[in-house]
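Residue numbers (UniProt numbering): 1 to 168.
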C-alpha cells in the first residue's frame, strides 16, 4: 500500500503543477485585457490645418505641370542622345569648356540634375522644377533626301541600256 500512495503522489505532482501554471496564465491574461469600452465615433474627420501644395506633390511623384517644362537656362547644348531600354541611356552635353556623356541621375556642371533622357530632349531638375534641353538639328545635314540622291546616282554611273531609265 505504501508503494501505491507514492505512485499516486508522483502522478498528482505534475498534474497539480500544470493546473497551477494554467491558473496563473489565466490571471495574467485577465489583468492585461482592458475592459471593452464604447468609444464615441467622430461625426466628421478633422480637416488638415495645412493645405497641401499640389505642385510639390506632383513633382515628388515625377509628374509635371500641365503647361509643361520650361526651356533650360543651363549653359549647355545637347549634341546627341543614346536611348536604351534599360538605365544605360546617355546624353552628350557640350558646355563652354568641354563635352561629355552623362547618364540619368548625374549632376551637371551648372548644378542641375539630369533627370530623364528622351530621343529628342533631356529633362533637367534645376532650382526645384523641371527644365527641357532640346536637341537642335545640325544645320548642314550630311544625308540627302532619297529622291535627290536617286537623280544624282543615275547621272553619275554608267549602266547597260537595259537598266537605263527611260527619258520621256
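Cβ atoms here follow ideal geometry from the backbone N, Cα and C, with glycine treated the same way.
Under the assumption that residue i contacts residue j (Cβ atoms under 8 Å), give the Cβ distance between them as a whole number of angstroms.
i           : j           : result
residue 116 : residue 93  : Between residue 93 and residue 116 the Cβ distance is about 14 Å, and since that is not below 8 Å, they are no contact.
residue 126 : residue 74  : 7 Å
residue 81  : residue 132 : Incorrect: roughly 13 Å between the Cβ atoms, too far for contact.
Buried or exposed, going by whether 16 or more other CB atoms sit within 10 Å of the CB of residue i?
i           : result
residue 130 : buried
residue 122 : buried
residue 4   : exposed
residue 98  : exposed
residue 72  : buried
Restricting to Cα atoms, I'd like to know which of the options is closest to residue i.
i           : options          : result
residue 105 : 114, 98, 99      : 114
residue 120 : 90, 99, 15       : 90
residue 110 : 118, 95, 102, 44 : 95
residue 128 : 55, 27, 87       : 55
Just reading off the alpha helix (DSSP H) that residue i is part of, what are its end residues?
i           : result
residue 133 : Premise fails: residue 133 lies in the beta strand (DSSP E), 129-134, not in any alpha helix (DSSP H).
Using the C-alpha atoms, what's the distance from residue j back to residue i?
i           : j           : result
residue 8   : residue 40  : 57 Å
residue 24  : residue 57  : 54 Å
residue 60  : residue 112 : 16 Å
residue 100 : residue 124 : 16 Å
residue 77  : residue 50  : 41 Å
residue 6   : residue 17  : 17 Å
Consider the Cβ of residue i: report whether some Cβ of chain B lies at a distance smaller than 7 Å.
i          : result
residue 23 : The question asks about chain B, but that chain is absent: this structure has only one protein chain.
Could you give the first and the last residue of the continuous beta strand (DSSP E) run that contains residue i?
i           : result
residue 91  : 90-94
residue 78  : 77-82
residue 124 : 121-126
residue 61  : Element bounds for residue 61: n/a, residue is neither H nor E.
Check whether the Cβ of residue i lies closer than 6 Å to any heavy atom of the ligand SAH, and answer yes or no.
i          : result
residue 95 : In terms of ligand content, the structure shown is empty, and the ligand SAH therefore cannot be addressed.
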